[in-house]
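In what follows, a structure is listed as structure tokens, so that the remarks can point back to it.
Residue numbers (UniProt numbering): 1 to 562.
The structure is reproduced here in structure tokens:
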């Protein structure tokens, strides 16, 4: 295998290319005697590396290029269908180098974006007027850790930071997503700048919940992995827990997250090619691949701690870094071991995740706090698809939502700006979501809304029109001016007179909060609104005048990140 088959123009530490467009990312060859010696030295180094890779990592694929591409196309059309198991099996055999870029592009969703908008990257930068600063924090998206460069050239590293900055500009609601930098760096080894950005943008926006995008979500993932380690490799779990407790000199509480950065450690310290093969499976099967691989890695790590008789005062991360350089299982052998773990299903991981979300909501799960340097304070889009709220307004609204939604990604499902002013369109856009937030902006700049805790499709469930539905988690609010929230009165004192008229709607109007008057009422054209004191929420009217004109109506849903 020639490494030139799998290199982008940024993969210049291992690959020399004669094409003129790579000059930006590598030093020009010199003709002096000394330079010829350096060139021969580099050539020898690349040959040695190629031999090493060949022994440890080269796949023994038993499929043709055509067979792989056919399986990939089937997967793209039906990613959850039984027939798509064929692609998973082929990927586990090993991805042929010349097929890797195509696999990552198609399975990440980047290919769909390119198909619909061939110049997506360039047009997005121009349309948004993005100006990339000369200095970009190397800890972008990742708390206090620098972006791993792997085998990128210095110019490749600069390009990686540029892409991360643009991603942060387009997704300002994401402040902590520590896997975005290493994945961007890895992708940049195998594709050009514009395609790398497109693929990463697709992954960040994926409905498959590919990456955790908040500290809370990352903590839930860490605890879910820890529970899996305890279930499948109890001795290793105990070994790691004992080491940490000894180092701290105290017994840890029951729900302590032992290694909150377990996944970050893997992407920072495991060797490059092993990570590449992990990503091969990740883009097809999602984050459960990380759990499988992590179980094997940390099972071995626990044995390393025990066998090496390391100092109890040693730093666990430093020990893992040392272990990663000596790992007995690497490349496809590691992946093979990971996929031999029986009984670890997506449903089981979801059950563990749900349990840990409950712990988090009840304040029983500690979330390690990270610090980061904000890339920007003023944002174009606070939530994907909308610029209605400022960052401060969204943070306030988010703090009012249940914990289970705060670890999810808010997405604008409907906006009158682009979807028109029809109540039927609003219903159609939102019916698939069980929990939504309605926002209404009046002609005088007031912003009011309500948290709806049932799908709007339930409006058709009753025998009569305008049947109320929803739950006691519902609330109404005003964000501007003078922010205020009104919870269901039944939470304070539930009695015979308590109203539970949470939400209702038909083709003529939409209502949130009933009894006496509606807290929020909108007409079928979403142009006229009304707000009065409702007995359900005990609210005062949310707007200065009870009747008002709407300048914008939006509905947000929430996508899981884990």
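Just so you know, even glycine gets a beta-carbon here, dropped at the ideal spot from N, CA and C.
Practice problem: Run the CB neighbour count on residue 358, radius 10 Å, all protein chains shown included, and call it buried at 16 or more, exposed below. | Solution: Here residue 358 is taken as the residue at index 358 of the chain shown, counted from 1. Answer is exposed; the Cβ neighbour count stays below 16.
Quiz item: So residue 293 and residue 338 are in contact, right, with Cβ under 8 Å, and what is the actual spacing, rounded?
Solution: By 1-based counting over the chain shown, the position of residue 293 is 293. By 1-based counting over the chain shown, the position of residue 338 is 338. Their Cβ separation, rounded to whole angstroms, is 5 Å, which keeps residue 293 and residue 338 in contact under 8 Å.
Self-check item: Spatial distance of residue 377 from residue 230 (CA atoms)
Solution: Within the chain shown, numbered from 1, the residue matching residue 377 stands at position 377. Within the chain shown, numbered from 1, the residue matching residue 230 stands at position 230. Because the pLDDT of residue 377 is 32, which lies under 50, any placement of that residue in the model is unreliable, and the number read from its coordinates should be weighed accordingly. Taking the straight line joining both Cα atoms gives about 41 Å.
Self-check item: C-beta atoms of residue 454 and residue 503 nearer than 8 Å
Solution: As a first step, residue 454 must be located in the chain shown, where it is residue number 454. As a first step, residue 503 must be located in the chain shown, where it is residue number 503. Yes, the Cβ-Cβ distance between residue 454 and residue 503 is below 8 Å.
Quiz item: When you compare each of 411, 457, 405 to residue 563 by their alpha carbons, which one comes out closest?
Solution: Outside the shown range of the chain (1 to 562) lies residue 563, about which nothing can therefore be said.
Quiz item: Expressed to the nearest angstrom, what Euclidean distance is found between the alpha-carbon atoms of residue 23 and residue 66?
Solution: Within the chain shown, the letter at position 23 stands for residue 23. Within the chain shown, the letter at position 66 stands for residue 66. Model confidence at residue 23 stands at a pLDDT of 31, short of 50, so the residue's coordinates are unreliable; what they give is reported in the following sentence. Approximately 34 Å, taken between the alpha carbons.
Self-check item: Terminal residues of the alpha helix (DSSP H) in which residue 458 lies
Solution: Taking the chain shown and counting its residues from 1, the one referred to as residue 458 is at position 458. No alpha helix (DSSP H) holds residue 458; DSSP gives it neither H nor E.
Exercise. Write down every uninterrupted run of the alpha helix (DSSP H) in the stretch 253–328 whose length is 4 residues or greater and which is fully enclosed by it, in chain order.
Key: 262–269, 272–285, 288–308, 316–325
Exercise. Kindly give me the distance between the Cβ atoms of residue 404 and residue 434, rounded to whole angstroms, as I take these residues to be in contact under 8 Å.
Key: Position 404 of the chain shown, counted from the first residue, corresponds to residue 404. Position 434 of the chain shown, counted from the first residue, corresponds to residue 434. Actually they are not in contact, since the Cβ atoms of residue 404 and residue 434 sit about 11 Å apart, beyond 8 Å.
Self-check item: Distance, residue 508 Cα to residue 479 Cα
Solution: Position 479 of the chain shown, counted from the start, is the residue given in the question as residue 479. Position 508 of the chain shown, counted from the start, is the residue given in the question as residue 508. Answer to the nearest angstrom: the Cα atoms are 26 Å apart.
Quiz item: Going by beta carbon distance, what residues of the same chain come within less than 6 Å of residue 289, once the five residues before and after it are set aside?
Solution: For this step, residue 289 is matched to residue 289 along the chain shown. Correct list, in chain order: 281, 282.
Quiz prompt | the stretch 184–194 in contact with the stretch 151–171 per 3-pair CB rule at 8 Å | solution = yes
Quiz item: Got a sec? Which residues, its chain only, sit under 8 Å from residue 125 by beta carbon, not counting five neighbours each side?
Solution: As a working note, residue 125 is residue 125 in the chain shown. Excluding sequence neighbours, residue 125 sits near 166.
Quiz item: Nearest to residue 298 by CA position, among 274, 324, 95, is which residue?
Solution: What you label residue 298 is simply residue 298 of the chain shown in a count that begins at 1. Ranking the options by Cα distance to residue 298, first place goes to 324.
Quiz item: Buried or exposed: which applies to residue 650, given that a residue is buried once 16 or more other Cβ atoms fall within 10 Å of its Cβ?
Solution: Only positions 1 to 562 of the chain appear in the structure, and residue 650 is not among them; the question remains open.
Self-check item: Delimiting residues of the alpha helix (DSSP H) encompassing residue 400
Solution: Taking the chain shown and counting its residues from 1, one reaches residue 400 at position 400. Run containing residue 400: 391–400, per the alpha helix (DSSP H) assignment.
Quiz prompt | Same chain, Cβ closer than 7 Å to residue 370, five either side skipped, listed in chain order | solution = Along the chain shown, one-based indexing puts residue 370 at 370. Because residue 370 sits at a pLDDT of 49, beneath the cut-off of 50, its placement in the model cannot be relied upon, and the point is left open.
Quiz item: Skipping 5 residues on each side, what residues in its chain have a beta carbon closer than 8 Å to that of residue 69?
Solution: Residue numbering aside, residue 69 sits at position 69 when the chain shown is read from its first letter. 99, 102, listed in sequence order.
Quiz item: What are the uninterrupted segments assigned as alpha helix (DSSP H) that are 4 or more residues long and contained completely in the stretch 423–456, given in chain order?
Solution: 423–430
Quiz item: Near residue 535, which residues of its chain fall below 7 Å by C-beta distance, leaving aside the five closest residues on each side in sequence?
Solution: Translated into positions along the chain shown, residue 535 becomes position 535. These residues qualify, in order along the chain: 499, 515, 516.
Quiz item: Contact between the stretch 330–345 and the stretch 245–263: three or more CB pairs below 8 Å?
Solution: no
Exercise. Please name the residue or residues paired with residue 521 in a DSSP beta bridge.
Key: By 1-based counting over the chain shown, the position of residue 521 is 521. Residue 521 pairs with 511, 530.
Quiz item: Which residues mark the beginning and the end of the beta strand (DSSP E) in which residue 410 is found?
Solution: Mapped onto the chain shown, residue 410 falls at position 410. First-last of the beta strand (DSSP E) with residue 410: 409–415.
Quiz item: For the putative contact between residue 92 and residue 389, defined by C-beta atoms under 8 Å, what is the C-beta separation to the nearest angstrom?
Solution: Stepping through the chain shown from its first residue, residue 92 is reached at position 92. Stepping through the chain shown from its first residue, residue 389 is reached at position 389. Their Cβ separation, rounded to whole angstroms, is 44 Å, which puts residue 92 and residue 389 out of contact at 8 Å.
Quiz prompt | Whole-Å CB distance - residue 563 paired with residue 113, under 8 Å assumed | solution = Residue 563 lies beyond the residue range present for the chain, which begins at 1 and ends at 562; the question has no answer from this structure.
Quiz item: Expressed to the nearest angstrom, what Euclidean distance is found between the alpha-carbon atoms of residue 266 and residue 147?
Solution: Working through the chain shown from its first residue, we reach residue 266 at position 266. Working through the chain shown from its first residue, we reach residue 147 at position 147. Looking at the two C-alpha atoms, the distance is approximately 14 Å.
Quiz item: Under three-state DSSP, which class holds residue 551?
Solution: Position 551 of the chain shown holds residue 551. Here residue 551 sits in strand by DSSP.
Quiz item: Between residue 224 and the rest of its own chain, which residues show a CB-CB distance below 8 Å, the 5 nearest in sequence each way excluded?
Solution: In the chain shown, the residue the question calls residue 224 occupies position 224. Correct list, in chain order: 291, 349, 352, 353, 356, 562.
Quiz item: Are the beta-carbon atoms of residue 302 and residue 228 separated by less than 8 Å?
Solution: Taking the first residue of the chain shown as 1, we reach residue 302 at position 302. Taking the first residue of the chain shown as 1, we reach residue 228 at position 228. Contact flag unset, no.
Quiz item: How should residue 318 be labelled, buried or exposed, when 16 other C-beta atoms within 10 angstroms of its C-beta is the threshold for buried?
Solution: Taking the chain shown and counting its residues from 1, one reaches residue 318 at position 318. So residue 318 ends up on the exposed side.
Quiz prompt | Span separating the alpha-carbon of residue 132 from that of residue 119 | solution = Here the question's residue 132 lines up with position 132 in the chain shown. Here the question's residue 119 lines up with position 119 in the chain shown. Going by the C-alpha atoms only, they are around 19 Å apart.
Quiz item: What are the boundary residues of the beta strand (DSSP E) that includes residue 503?
Solution: Translated into positions along the chain shown, residue 503 becomes position 503. Residues 503–505.
Self-check item: When 162, 108, 156 are compared against residue 134, the one with the closest alpha-carbon
Solution: The residue given as residue 134 occupies position 134 in the chain shown. Among 162, 108, 156, the Cα nearest to that of residue 134 belongs to 162.
Quiz prompt | Other residues of its chain near residue 346: CB distance less than 7 Å, five sequence neighbours each side excluded | solution = For the purposes of this step, residue 346 is identified with residue 346 of the chain shown, where counting begins at 1. Answer for residue 346: 288, listed in chain order.
Quiz prompt | Helix, strand or coil at residue 608 [DSSP, three-state] | solution = Because the chain in this structure spans residues 1 to 562, residue 608 falls outside the shown range and cannot be described.
Self-check item: Nearest-angstrom Cα separation, counted from residue 364 out to residue 178
Solution: The residue given as residue 178 occupies position 178 in the chain shown. The residue given as residue 364 occupies position 364 in the chain shown. Cα to Cα, the separation comes out at about 24 Å.
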